[in-house]
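S.K.: Structure below; questions to follow.
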Amino acid sequence: MITPTSRLRGSLLHSARILAIVIIVVFELFPIFWMVTTAFKQRIDMFVLPPQWIFKPTLANFRYILSTMPVGRWVLNSSVISLGTMALSLLLGVPAGYAFSRVHFRGKGVLLAFILLTRAIPPVVIVLPFRVIMQRLGLFGTRTAVILIDTVYDAAFTAWLMSGMFASIPVDIEDAALIDGCSPVQVFWKIALPLSKPGLVTASLFTFILSWNDFLFALTLTSPSTATLPIGMLSTYGILKQGWTYMMALGCLAIVPPVFISLLLQRYYVSGLTFGGIK
Amino acid sequence: MKIWTMTSSIRKYFNTGKRSLYLFVIPITLYLIFFFLYPVVYEIYISFFDFSLGSPKTFVGLQNYVFMAHDEQFLHSLVTTVIFVVSAVSAELVLGLGMALLLNHESRIMGIIRTAILIPTVFTPLVAGLVWKALYHPDLGVISYYLRLLGIPIGRGLTVERSTALFSVILVDIWEWSPLVAIIILAGLKNLPKEPYEAAAIDGASSSQMFRYVTLPLLRPVIVVALLIRSLDALKVFDIIWAITGGGPGTATTVANLRIFQVGVQQLRVGYASALSNVLLVISVLAGVFFIRALYSREYGGVQ
Chain G
11 MITPTSRLRG
21 SLLHSARILA
31 IVIIVVFELF
41 PIFWMVTTAF
51 KQRIDMFVLP
61 PQWIFKPTLA
71 NFRYILSTMP
81 VGRWVLNSSV
91 ISLGTMALSL
101 LLGVPAGYAF
111 SRVHFRGKGV
121 LLAFILLTRA
131 IPPVVIVLPF
141 RVIMQRLGLF
151 GTRTAVILID
161 TVYDAAFTAW
171 LMSGMFASIP
181 VDIEDAALID
191 GCSPVQVFWK
201 IALPLSKPGL
211 VTASLFTFIL
221 SWNDFLFALT
231 LTSPSTATLP
241 IGMLSTYGIL
251 KQGWTYMMAL
261 GCLAIVPPVF
271 ISLLLQRYYV
281 SGLTFGGIK
Chain L
717 MKIWTMTSSI
727 RKYFNTGKRS
737 LYLFVIPITL
747 YLIFFFLYPV
757 VYEIYISFFD
767 FSLGSPKTFV
777 GLQNYVFMAH
787 DEQFLHSLVT
797 TVIFVVSAVS
807 AELVLGLGMA
817 LLLNHESRIM
827 GIIRTAILIP
837 TVFTPLVAGL
847 VWKALYHPDL
857 GVISYYLRLL
867 GIPIGRGLTV
877 ERSTALFSVI
887 LVDIWEWSPL
897 VAIIILAGLK
907 NLPKEPYEAA
917 AIDGASSSQM
927 FRYVTLPLLR
937 PVIVVALLIR
947 SLDALKVFDI
957 IWAITGGGPG
967 TATTVANLRI
977 FQVGVQQLRV
987 GYASALSNVL
997 LVISVLAGVF
1007 FIRALYSREY
1017 GGVQ
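These protein sequence lines map, in sequence, to chains G and L.
Everything in the first sequence is counted per our numbering, starting at 11 for the first residue and increasing by one.
Everything in the second sequence is counted per our numbering, starting at 717 for the first residue and increasing by one.
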């Protein structure tokens, strides 16, 4: 029976719920909101306290960073490294994932455990010896060095993710094609790959984003000419002192690709985020 | 001629059944051996040497490890790491669970909110760190301004005071990763069976009893996976701390990763840094083994 008090309690609970949701949304989105608004503020406006939320936006910060800093080179380096990592990771990881889901072989368990372990090893542990190896190979300071170490993590991720994706494709179709005389490689190429497009999308966007967002590897392995966006952004920190408006403009440029891609392909992003747990 | 028959017999071998698929795992195996296993083995090897970049290395046996046992700074960084991981991950689980329960409604606005709160997880961590650094700025930061306005004492600033610096970087980790926990739990909530709830309703369970005795136990596997994913990743934290405090003030926010980086990359003491890394390696391999076992034993992910 609905009594006036229980109705009151119900509406109070409802209000508390909405309040809690509002707090969460503000907590999660405020830093992003602040970054974007600061990027469009005049330098004078940004030091005014209390913070001005209504102001006359300007593109001056973007104009300034684009004309005084090698932003183009940083974007190019970030793009080359991310796309290179993505391509190499797919090349190594997708076929491996297929084999994991279709055949049994000796050492499969060890290899799978090994692949999952890459997820656990802190980057700082592997980057030190990796740097020494890159110096010996003459690759230190190149974009290739960053691609090679990013791929360790991303190819392993791809193999794991794709083995789950391929496992969810029924083998009956493939067996029929095998009986019709297709080789297993042809079956992989012509049947399994087209059927696993969602997995391929997830793997592509995730390897790209992981590599794009990397900081530590680029910090230890690049030289000024191969610096990525995060490294470039950090290098301006000292020069600009309190030049937050410029730095936030750079930040906006840096986060456009990952945020845009993840919003556009949200379902795939979530799938990658949970290690293929949510399909 | 002979070579031709040999290659043809190899080809015949691989064309039988699905054997040719073995070839598919060879590239990644070689790659991981050379770029993952080899660096790790090399690091274990080099930890027995006194080796600074640019100078010859000398074998010193266990000296690095003996030194490490008395290295206050490193031991302190391990403690800081434990505090960071435990408090960040437990807060993320609680907050993520709360978020999931609040947002577990099918409506347009809820869908938009669920999407929007995922943005921090895709934010370049270094950029996020620099944004928070500005927000925390003692004099000009928005957070400092509002906290002072509310009359909350923050001393010279949250990131500057030793007592609050670690908390302030933990908060950023919570900001960044609670939504991930929420999304994992939301997926779990969506897949819950209906029958236990019907049975509990017949037995006259209240909604809080249902949550305590039906929902939570059913969500347990999902929560365990979220816990493990987050623990492994929190153990790797570097970028946000580097950006916000650089490990300071003093060593208040220097986690093990940061300490190893300082020793290995900034002071170039590669041999000693390798010994420190091995401690972290053992910890993370143990955590990783737990992770793998959980993935295999729960109905989660693509394990066959």
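All residues carry an ideal CB built from backbone N, CA and C; glycine is no exception.
At a CB distance below 7 Å, what residues from the segment 120-131 of chain G approach chain L? Give them in sequence order.
M.R.: Those residues of the segment 120-131 of chain G that come within reach of chain L (Cβ to Cβ, closer than 7 Å) are Leu121, Ala123, Phe124, Leu126, Leu127, Thr128, Arg129, Ala130 and Ile131.
S.K.: Can you find at least 3 beta carbon pairs, one from the segment 913-930 of chain L and one from the segment 840-852 of chain L, that sit closer than 8 Å?
M.R.: The segment 913-930 of chain L is not in contact with the segment 840-852 of chain L.
S.K.: Please tell me whether Leu992 of chain L and Phe800 of chain L are closer than 8 Å, where the distance is taken between their beta carbons.
M.R.: In this structure, Phe800 of chain L does not lie closer than 8 Å to Leu992 of chain L by Cβ.
S.K.: Any idea what DSSP makes of Phe72 of chain G, helix, strand or coil?
M.R.: Looking at Phe72 of chain G - three-state DSSP - the assignment turns out to be helix.
S.K.: To which residues of the same chain is Asn994 of chain L closer than 8 Å at the C-beta, ignoring the five residues directly before and after it?
M.R.: Contacts found: Glu759, Ile760 and Ser763.
S.K.: Within the segment 28-60 of chain G, note down every full alpha helix (DSSP H) run reaching 4 residues or more, in order along the chain.
M.R.: Fully enclosed alpha helix (DSSP H) runs of 4 or longer: 53-56.
S.K.: Along the alpha helix (DSSP H) that carries Phe839 of chain L, what are the first and last residues, could you check?
M.R.: Run containing Phe839 of chain L: none; DSSP gives neither H nor E here.
S.K.: Exposed or buried, what is His853 of chain L when buried is set at 16 or more other beta-carbons lying within 10 Å of its beta-carbon?
M.R.: Buried, by the Cβ-count rule.
S.K.: Counting C-beta neighbours from all protein chains within 10 Å, is the total for Ile749 of chain L 16 or more, i.e. buried, or is it exposed?
M.R.: Exposed, by the Cβ-count rule.
S.K.: Answer with yes or no whether the minimum CB distance from Asn780 of chain L to chain G is below 8 Å.
M.R.: No - not a single Cβ of chain G is within 8 Å of the one on Asn780 of chain L.
S.K.: Counting pairs of beta carbons, one from the segment 947-955 of chain L and one from the segment 129-144 of chain G, are three or more of them closer than 8 Å?
M.R.: Enough Cβ pairs lie closer than 8 Å, so yes.
S.K.: Within 8 Å of any Cβ in chain G, is that where the Cβ of Pro965 of chain L sits?
M.R.: So, not an interface residue.
S.K.: Leaving out five residues on either side along the sequence, give the residues of the same chain with a beta carbon under 6 Å from the beta carbon of Ile219 of chain G.
M.R.: Cβ within range, chain order: Pro268.
S.K.: Given this structure, state the Cα-to-Cα distance separating Leu158 of chain G from Ala915 of chain L, to the nearest angstrom.
M.R.: So the alpha carbons of these two residues sit roughly 55 Å apart.
S.K.: Using a 10 Å radius around the Cβ and a threshold of 16 neighbouring Cβ atoms, would you call Ala917 of chain L buried or exposed?
M.R.: Its Cβ having fewer than 16 others within 10 Å, Ala917 of chain L is exposed.
S.K.: Give me the Cα-Cα distance between Val938 of chain L and Leu882 of chain L, rounded to the nearest whole angstrom.
M.R.: Those two C-alpha atoms are separated by around 29 Å.
S.K.: Using the rule of at least 16 other Cβ atoms within 10 Å of the residue's Cβ for burial, across every protein chain shown, is Phe43 of chain G buried or exposed?
M.R.: It is exposed - the Cβ of Phe43 of chain G has fewer than 16 other Cβ atoms within 10 Å.
S.K.: Could you tell me the distance, in whole angstroms, from the CA atom of Ile179 of chain G to the CA atom of Val280 of chain G?
M.R.: Cα to Cα, Ile179 of chain G sits roughly 20 Å from Val280 of chain G.
S.K.: Could you pull out every unbroken alpha helix (DSSP H) segment of at least 4 residues lying fully inside the segment 246-284 of chain G, listed in chain order?
M.R.: Correct list: 254-274 and 276-283.
S.K.: Taking Met243 of chain G as the query, report the chain L residues whose CB atoms sit under 8 Å from its CB, ordered along the chain.
M.R.: Within 8 Å Cβ-Cβ: Leu842, Val843 and Leu846.
S.K.: Below 7 Å CB to CB, which residues in the same chain sit around Ile241 of chain G once its five sequence neighbours on both sides are set aside?
M.R.: Once the five neighbours on either side are set aside, the close Cβ partners of Ile241 of chain G are Ala228, Leu229 and Thr232.
S.K.: Go ahead and pull the three-state DSSP assignment for Thr232 of chain G.
M.R.: Reduced to three states, the DSSP call for Thr232 of chain G is strand.
S.K.: Assuming contact is defined by CB atoms lying nearer than 8 Å, are Ala123 of chain G and Ile886 of chain L in contact in what I supplied?
M.R.: No.
S.K.: Pick helix, strand or coil for Thr961 of chain L, following the three-state DSSP scheme.
M.R.: Coil at Thr961 of chain L, not helix or strand.
S.K.: Would DSSP call Gly151 of chain G helix, strand or coil?
M.R.: Note: Gly151 of chain G maps to strand in three-state DSSP.
S.K.: Against chain G, with Cβ distances strictly below 8 Å, would Ile901 of chain L count as a contact?
M.R.: Ile901 of chain L does not count as touching chain G.
S.K.: Going straight from the alpha carbon of Val897 of chain L to that of Val113 of chain G, what length do you get?
M.R.: Their Cα atoms are separated by approximately 34 Å.
S.K.: Quick one: which residues of the segment 982-1001 of chain L get their C-beta closer than 7 Å to a C-beta of chain G? List them in chain order.
M.R.: Listed in sequence order: Val986, Ala989, Ser990, Ser993, Leu996, Leu997, Ser1000 and Val1001.
S.K.: For Ser173 of chain G, which three-state DSSP category applies?
M.R.: Helix at Ser173 of chain G.
S.K.: Using a C-beta cutoff of 8 Å, does Met815 of chain L count as contacting chain G?
M.R.: Interface residue, yes.
S.K.: Hey, is the segment 769-778 of chain L in contact with the segment 849-864 of chain L, meaning 3+ C-beta pairs nearer than 8 Å?
M.R.: Cβ pair count under 8 Å is below three, so no.
S.K.: Counting C-beta neighbours from all protein chains within 10 Å, is the total for Arg19 of chain G 16 or more, i.e. buried, or is it exposed?
M.R.: It is exposed - the Cβ of Arg19 of chain G has fewer than 16 other Cβ atoms within 10 Å.
S.K.: Would Val142 of chain G pass as an interface residue toward chain L - the criterion being a Cβ-Cβ separation below 8 Å?
M.R.: Val142 of chain G counts as touching chain L.
S.K.: Buried or exposed: Ile901 of chain L, going by 16 or more other Cβ atoms within 10 Å of its Cβ?
M.R.: Label assigned to Ile901 of chain L: buried.
S.K.: Just to confirm, is the Cβ distance from Thr217 of chain G to Trp84 of chain G under 8 Å?
M.R.: Their beta carbons are not under 8 Å apart, which means Thr217 of chain G does not touch Trp84 of chain G by this criterion.
S.K.: Does DSSP put Thr774 of chain L in a helix, in a strand, or in coil?
M.R.: Three-state result, Thr774 of chain L: strand.
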